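Residue numbers (the numbering used here): 2 to 273.
Here a beta-carbon is modelled for each residue, glycine too, at the ideal position from N, C-alpha and C.
Fair warning: this is a prediction, and the values are worked out from it, not measured in the lab.
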């Protein structure tokens, strides 16, 4: 993620705490997915961001986001996190060499803040191959009973403009949207206010946004997705701004920067 965002880069170390299958919800809100319709998260609902490790959701939570290696929370609307535009730290070997973005010297380009190799989206063929691999994770989310998928690092092009473009990112996210919809999943736009206005055009259904309160961006996303915007803040001031401006419309939570599981020393969770 960019320096003005807290990243979503965590494996589900606490996934074992999340035993049990999810119960599918019958929700009134749906998004068009070709001939099908996918369920959207209920707006202005209790939310918990658990991508750093799954745990029993607090009372009042109706929507939860967890890593794709975790199990969904029974009876709730579950969003499945996948790192789609960059490789997880140390996972370069899991990708074909030519799918890792390289500089003019042939060296892999890394997101230095998180130690993640950037994936090479510059050609249609490579986008198709990367989407095929990410698509297996999306399929796994559907098989487990998640209702939606959250592909992270849509905004990678903003950090590496010498290599990647917004059009490449849009073309790639459209492939993931098709894959998600084929499995009956909604798909979220993750951050990337620069492309919020074309979200539905690329097949996206709702948004998961980090720090839109802190950076005065919540309105960019509500203009496209209405109340179907899920907000994560990481500071007291960000939470206050999000709640003051949008607390009666959106699902908003403050979490600790490491998104720590409940019971660990760093755990923090606040709501409006």
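For my contact list, residue 162 and residue 191 are in at a C-beta cut-off of 8 Å; report their separation, rounded to the angstrom. Contact between residue 162 and residue 191 does not hold, since the beta-carbon distance rounds to 19 Å and is not under 8 Å.
With a CB to CB cut of under 7 Å and the five nearest residues on each side skipped, what residues in its chain are close to residue 257? The answer, listed in chain order, is 267, 268, 269.
Just curious, the beta strand (DSSP E) that residue 84 is in, first and last residue? Per DSSP, residue 84 belongs to the beta strand (DSSP E) from 78 to 84.
Assigned secondary structure, residue 226 (DSSP; H/G/I helix, E/B strand, else coil): In the three-state reduction of the DSSP assignment, residue 226 falls in the helix class, which pools H, G and I.
Beta strand (DSSP E) runs contained entirely in the stretch 214 to 272, provided each spans 3 or more residues: DSSP runs (the beta strand (DSSP E)) wholly in the stretch 214 to 272: 230 to 234, 252 to 256.
Please state whether DSSP places residue 148 in a helix, a strand or coil. Taken through DSSP and simplified to helix, strand or coil, residue 148 comes out as coil.
Measuring only the C-alpha atoms, how far is residue 197 from residue 91? Residue 197 and residue 91 have their C-alpha atoms spaced approximately 31 Å apart.
Reference residue 138, options 251, 129, 150, 57, closest by Cα: Ranking 251, 129, 150, 57 by Cα distance to residue 138 puts 150 first.
Under 6 Å Cβ to Cβ from residue 136, same chain only, skipping five residues before and after it: list those, please. Counting only residues of its own chain and dropping the five nearest sequence neighbours on each side, residue 136 has a CB closer than 6 Å to the CB of 180.
How should residue 49 be labelled, buried or exposed, when 16 other C-beta atoms within 10 angstroms of its C-beta is the threshold for buried? Buried, since its Cβ has 16 or more Cβ neighbours within 10 Å.
How many angstroms separate the CA atom of residue 82 from the CA atom of residue 112? If you take the alpha carbons of residue 82 and residue 112, they lie about 19 Å apart.
Here's a check: name, in chain order, each residue in its chain whose Cβ is nearer than 6 Å to the Cβ of residue 26, leaving out the five neighbours to either side. With a pLDDT of 35 at residue 26, under the threshold of 50, the predicted position of this residue should be treated as unreliable, though the coordinate-derived value follows. Residues of the same chain with a CB within less than 6 Å of the CB of residue 26, apart from the 5 flanking positions on each side, are 78 in chain order.
What does a CB cutoff of less than 7 Å around residue 215 pick up in its chain, not counting 5 residues either side in sequence? Excluding its 5 nearest sequence neighbours in each direction, residue 215 has C-beta neighbours in its own chain below 7 Å: 234, 236, 238, 239, 242, listed in chain order.
Once DSSP output is grouped into helix, strand and coil, what is the label at residue 47? Here residue 47 sits in strand by DSSP.
Secondary structure at residue 195, three-state DSSP: helix, strand or coil? Helix at residue 195.
Going by DSSP in three states, residue 129 sits in which element: helix, strand or coil? Reduced to three states, the DSSP call for residue 129 is helix.
Taking its Cβ as the centre, do 16 or more other Cβ atoms sit within 10 Å of residue 200, making it buried, or is it exposed? Residue 200 counts as buried, since at least 16 other C-beta atoms from the protein chains shown sit within 10 angstroms of its C-beta.
Where residue 34 sits in the DSSP three-state scheme: Unreliable positioning characterises residue 34 in this predicted model, as indicated by a pLDDT of 39, which lies under 50. A coordinate reading is not provided.
Per DSSP, residue 161 forms a beta bridge with which residues? Answer by DSSP bridge pairing: none, since residue 161 is not bridged.
Evaluate residue 84 with the Cβ neighbour count: other Cβ atoms within 10 Å of its Cβ, from every protein chain shown; 16 or more gives buried, anything less gives exposed. Classification of residue 84: buried, given that the 10 Å Cβ count is 16 or more.
Distance, residue 143 Cα to residue 277 Cα: Here the chain covers residues 2 to 273 and nothing more, so residue 277 does not appear.
Around the C-beta of residue 168, are 16 or more other C-beta atoms found within 10 angstroms, so that it is buried, or is it exposed? Around the beta carbon of residue 168, fewer than 16 other beta carbons sit within 10 angstroms, so the residue counts as exposed.
Cα-Cα separation, residue 56 to residue 259: Roughly 15 Å between the two C-alpha positions.
Given this structure, state the Cα-to-Cα distance separating residue 1 from residue 254, to the nearest angstrom. What the structure shows of the chain is the stretch from 2 to 273, and residue 1 is not part of that stretch, so it cannot be assessed.
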